[in-house]
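For any residue, its number in the numbering used here is found by taking its place in the sequence shown, counting from 1, and adding 248.
By construction, the Cβ of each residue, glycine as well, lies at the ideal position given by its N, Cα and C atoms.
In this text, all values refer to a predicted model and were calculated from it rather than measured experimentally.
Comments concern the structure below.
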Amino acid sequence: MAADTPHRNLIIEGDNFDSLRLLNTTHAGKIRVIYIDPPYNTGNKDWVYNDSYVGKNDRWRHSQWLEFLYQRLTLARDLLTPDGVIMVSINDENRARLELLMDEIFPGMRIGSLVWRTKDSTSRTESNLSEVHEHVLVYGREGFSFQGSSKSTKKYKNRDNDPRGPWNIDPLTVNADRFERAGFFYPLQNPKNGFWYPCDPDRVWAYASEKIIEDIARIRSGSMEHWIREEKIIFPNSEDERVVIWNTLEELKLAIKKGDVPVTPKRKKPLISEDTPNLEFWVGKPVGFGRPGFKKHWSDLNSYVNPLSSWISRANEQLDEDDIHILVSPNAGAGTEVIQEVFGSRVFSYPKPPALIKELLKQASKPQDIILDFFAGSGTTGQAVLELNADDKGQRSFILCSSTESNDKEPNKNICRDVCAERMRRVIQGYNQKPGYSSIQGGEFAYIQLEKMEVADLHFELDPKHSFQLLALRRFQVAMPVPEGSIKLLGRIDDCDFLICNEVNEYTVQEILNWTRNHAVSKLAIYCNRPESLQEQLSSNGVQANCYSLIDSLMFVQGADYDN
Numbered sequence: 249m250a251a252d253t254p255h256r257n258l259i260i261e262g263d264n265f266d267s268l269r270l271l272n273t274t275h276a277g278k279i280r281v282i283y284i285d286p287p288y289n290t291g292n293k294d295w296v297y298n299d300s301y302v303g304k305n306d307r308w309r310h311s312q313w314l315e316f317l318y319q320r321l322t323l324a325r326d327l328l329t330p331d332g333v334i335m336v337s338i339n340d341e342n343r344a345r346l347e348l349l350m351d352e353i354f355p356g357m358r359i360g361s362l363v364w365r366t367k368d369s370t371s372r373t374e375s376n377l378s379e380v381h382e383h384v385l386v387y388g389r390e391g392f393s394f395q396g397s398s399k400s401t402k403k404y405k406n407r408d409n410d411p412r413g414p415w416n417i418d419p420l421t422v423n424a425d426r427f428e429r430a431g432f433f434y435p436l437q438n439p440k441n442g443f444w445y446p447c448d449p450d451r452v453w454a455y456a457s458e459k460i461i462e463d464i465a466r467i468r469s470g471s472m473e474h475w476i477r478e479e480k481i482i483f484p485n486s487e488d489e490r491v492v493i494w495n496t497l498e499e500l501k502l503a504i505k506k507g508d509v510p511v512t513p514k515r516k517k518p519l520i521s522e523d524t525p526n527l528e529f530w531v532g533k534p535v536g537f538g539r540p541g542f543k544k545h546w547s548d549l550n551s552y553v554n555p556l557s558s559w560i561s562r563a564n565e566q567l568d569e570d571d572i573h574i575l576v577s578p579n580a581g582a583g584t585e586v587i588q589e590v591f592g593s594r595v596f597s598y599p600k601p602p603a604l605i606k607e608l609l610k611q612a613s614k615p616q617d618i619i620l621d622f623f624a625g626s627g628t629t630g631q632a633v634l635e636l637n638a639d640d641k642g643q644r645s646f647i648l649c650s651s652t653e654s655n656d657k658e659p660n661k662n663i664c665r666d667v668c669a670e671r672m673r674r675v676i677q678g679y680n681q682k683p684g685y686s687s688i689q690g691g692e693f694a695y696i697q698l699e700k701m702e703v704a705d706l707h708f709e710l711d712p713k714h715s716f717q718l719l720a721l722r723r724f725q726v727a728m729p730v731p732e733g734s735i736k737l738l739g740r741i742d743d744c745d746f747l748i749c750n751e752v753n754e755y756t757v758q759e760i761l762n763w764t765r766n767h768a769v770s771k772l773a774i775y776c777n778r779p780e781s782l783q784e785q786l787s788s789n790g791v792q793a794n795c796y797s798l799i800d801s802l803m804f805v806q807g808a809d810y811d812n
């Protein structure tokens, strides 16, 4: 947390409604991932509305909670990038209410919800139903998608030196019965050795036969004969396969009675029964007891990414899924354990585990993204960002908005300062023999305290350091030390320096006239108290500059771009 470098990570103390209003002037359209864990509206004094706790018996409790979130989520929506996403944790009781609200604020953006098992043990309730899970609602803009995970190539081998590359055997059947897809229920013959294979009446072949479907052009996925010609159908090895011939219908019926007929691989369900249509067909033919498959090449895959499962698995759960990516997180108690490790005591109730947030961010974020949590609480999201950066060498930054949560009984209480910010300091420095984090990994932050000011008083009470920080955040999304001098450099974009001039006079004008030569830059954008006068003096001396009113820029977001 070096004092002489810009801070990309921010911890903002104040009402998160005001924090979001500030961020709408500094980070609109620049936040790619928002994660929040808002109050769950339990009635246990877990949130404040209009400076008062909302109790369980308040008849307007749900309405007030929804209005409370509506105001904040509406502001948060405008912070998202074109491919941004917001993820919201919520309990099962309030999921339906929140989802309807999210649908209204983020129309057409619903991606789905993730289910997280919060505990292994049960808790006794009057209804004998134990709630052991929570939800994470996910809403994303059109360009958003989860990362998923790379599909494994270990199942794909080139056993026969196929020039098309490695392949795996996929099922040749689909989940439909012979009544749903009559044209896909037929005996299949291996043209090379003449062996026949019965079709599963409950899972018919994936491809129709040219002998059954007259209009072959209508078969968009290709006929079975087409895929046989393309050598994409894998038949059992004739040397290893059992093959029988029933010479009479009586022999066949006796085999059916004994269960000595081809069966499905897993459930061992007979594929030929006395109810099989045209049972006589199977008399006198060589019938194979194996099952054909489809030769799926690695190059045939539409995507090399496994999609994300909606189930968040426990860390101790056995996983054997090959076609989806499953997030893994410890239960809710792990969040409290981390807090106790950092502080030596339980200074915050019900924090989320950093591992859960890290898993979500790993799927939702890219290495350079800005992550916002405007219900930051104890700062778990900030710790998760640092851990993820260390894992994949990313440079994500975080913005944590937290309040003091002070009240009449605890006027000096300050969760933001004493828990959230202090936790991040300890995590960055290292705790309990755990290593800290370098500035490259995001191991720094600026602590910002919001101060409300009446518009009428802005001209008189605005401090130069306030205006510098606000414009630095707005233009460069960083907080940084205020430099000395009457001319302050905010930063440079391309060939344009952005400056603040506290007071326009003959000395500052001369300093600005020399600026382009001394700093090897051709354009200037200057915020000052007398923009018209300064613009005129600079133009008459051949300096290319745009001058903006400092007050108006702070109030109305002027000077966002350099205009030639």
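- Task: Provide the residue span of the alpha helix (DSSP H) that contains residue 630, from first to last.
- Result: Here the alpha helix (DSSP H) through residue 630 covers 628-640.
- Message: Taking 8 Å as the cut-off, does the region 268-282 touch the region 311-329 (at least 3 CB pairs, one atom from each stretch)?
- Response: Yes, since at least three Cβ pairs between the region 311-329 and the region 268-282 fall closer than 8 Å, the two stretches touch.
- Segment contact, 8 Å Cβ cut-off, at least three pairs: the region 417-429 with the region 530-542: Contact between the region 417-429 and the region 530-542 is established, with three or more Cβ pairs separated by less than 8 Å.
- Apart from the five residues on each side of it in sequence, which residues of its chain come closer than 6 Å, Cβ to Cβ, to residue 583? In the same chain as residue 583, and ignoring 5 residues on each side of it, the C-beta atoms closer than 6 Å to its own belong to 599, 600 and 601, in chain order.
- Exposed or buried, residue 335, counting other C-beta atoms within 10 Å across all chains shown (16 or more means buried)? Counting Cβ neighbours within 10 Å, residue 335 comes out buried, since at least 16 surround it.
- Message: For residue 704, count the other beta carbons within 10 Å of its own beta carbon; 16 or more makes it buried, fewer makes it exposed. Which is it?
- Response: Residue environment analysis places residue 704 among the exposed positions, since fewer than 16 neighbouring C-beta atoms fall within 10 angstroms of its C-beta.
- Item | Beta-bridge partners of residue 339, as assigned by DSSP | For residue 339, the pairing in a beta bridge is given by DSSP as 382.
- Task: Can you tell me which of 284, 559 and 263 puts its alpha carbon nearest to the alpha carbon of residue 366?
- Result: Nearest option by C-alpha distance: 559.
- Query: If residue 284 sits next to residue 332, beta carbons under 8 Å apart, how far is it from one beta carbon to the other, in whole angstroms?
  - Reply: That belief does not hold up - the Cβ atoms of residue 284 and residue 332 are roughly 14 Å apart, past 8 Å.
- Start and end of the alpha helix (DSSP H) containing residue 679? Counting along the chain, residue 679 sits inside no alpha helix (DSSP H), nor does DSSP assign it H or E at all.
- Message: Using the three-state DSSP reduction, which class does residue 258 fall into: helix, strand or coil?
- Response: Strand.
- Item | First and last residue of the uninterrupted beta strand (DSSP E) at residue 843 | The question about residue 843 has no answer, for the chain in this structure spans 249 to 812.
- Message: At the level of alpha carbons, what is the spacing between residue 398 and residue 556?
- Response: Note on geometry: alpha-carbon atoms of residue 398 and residue 556 lie some 11 Å from one another.
- Less than 8 Å separating the beta-carbons of residue 380 and residue 360? No, Cβ-Cβ distance for residue 380 and residue 360 is not below 8 Å.
- Item | Residue environment, residue 549, which counts as buried when at least 16 other CB atoms sit within 10 Å | Sixteen is the threshold: since fewer than 16 other Cβ atoms of the shown chains lie within 10 Å of the Cβ of residue 549, the residue is exposed.
- Item | Pairwise C-alpha distance: residue 592 and residue 605 | Straight-line Cα distance between these residues: approximately 22 Å.
- Query: Per the contact definition of three or more C-beta pairs closer than 8 Å, is the region 439-453 in contact with the region 525-534?
  - Reply: Per the Cβ contact rule, the region 525-534 is in contact with the region 439-453 (3 or more Cβ pairs under 8 Å).
- Close Cβ partners of residue 329 (< 7 Å) along its chain, the five nearest in sequence each way excluded: Correct list, in chain order: 277, 278, 279 and 280.
- Query: Which term fits residue 768, buried or exposed, when burial requires 16 or more other beta carbons within 10 angstroms of its beta carbon?
  - Reply: It is exposed - the Cβ of residue 768 has fewer than 16 other Cβ atoms within 10 Å.
- Query: Rounded to a whole number of angstroms, what is the C-alpha to C-alpha distance between residue 777 and residue 345?
  - Reply: In this structure, the CA atom of residue 777 is about 49 Å from the CA atom of residue 345.
- Excluding the 5 residues preceding and the 5 following residue 622 in the sequence, name in chain order all residues of the same chain whose CB lies nearer than 7 Å to its CB. Annotation for residue 622: 264, 267, 268, 284, 320, 324 and 649 place their beta carbon closer than 7 Å to its own, counting only its chain and skipping 5 residues before and after.
- Query: What is the residue span of the alpha helix (DSSP H) that residue 758 lies within?
  - Reply: If you look at residue 758, you'll find it in the alpha helix (DSSP H) that goes 754-767.
- Query: Which class does residue 299 belong to by DSSP, given the choice of helix, strand or coil?
  - Reply: For residue 299, the predicted model reports a pLDDT of 45, less than 50, meaning its position is unreliable and no value from the coordinates is stated.
- Does the region 656-667 come close enough to the region 630-642 to have 3 or more Cβ pairs within less than 8 Å? Taking one beta carbon from each stretch, the region 656-667 and the region 630-642 have fewer than 3 pairs nearer than 8 Å; the two do not touch.
- Please name the residue, chosen from 581, 455, 479 and 447, that lies closest to residue 524 on a Cα-to-Cα basis. With distances taken between CA atoms, residue 524 lies nearest to 447 out of 581, 455, 479 and 447.
- Closest by C-alpha distance to residue 706, when choosing among 738, 804, 773 and 763: Comparing Cα positions, the closest option is 804.
- At least 3 beta-carbon pairs within less than 8 Å: the region 755-770 vs the region 779-791: As far as the Cβ criterion goes, the region 755-770 touches the region 779-791, which means the pair count is three or higher.
- Query: Taking the C-alpha atoms as reference points, what is the distance between residue 716 and residue 796?
  - Reply: The straight-line gap from Cα to Cα measures roughly 14 Å.
- Answer yes or no: do residue 435 and residue 529 have a C-beta to C-beta separation smaller than 8 Å? Yes. Within cutoff.
- Query: Where does the unbroken beta strand (DSSP E) through residue 801 begin, and where does it stop?
  - Reply: Counting along the chain, residue 801 falls outside any beta strand (DSSP E), though it belongs to the alpha helix (DSSP H) covering 798-804.
- Message: Measuring only the C-alpha atoms, how far is residue 546 from residue 410?
- Response: If you take the alpha carbons of residue 546 and residue 410, they lie about 12 Å apart.
- So, helix, strand or coil for residue 646, using DSSP? Strand, per DSSP.
- Task: Measure the C-alpha to C-alpha separation of residue 831 and residue 515 and round it to an integer number of angstroms.
- Result: The structure shown does not extend to residue 831, since the chain spans only 249 to 812, so no value can be given for it.
- Query: Which runs of the alpha helix (DSSP H) fall wholly inside the region 715-749 and span at least 4 residues, in chain order?
  - Reply: Restricting attention to alpha helix (DSSP H) runs no shorter than 4 residues, the region 715-749 encloses none.
- Following the continuous alpha helix (DSSP H) through residue 264, name the residue where it begins and the one where it ends. First-last of the alpha helix (DSSP H) with residue 264: 264-274.
- Does the separation of the CB atoms of residue 608 and residue 282 fall below 8 Å? No, they are not a contact pair.
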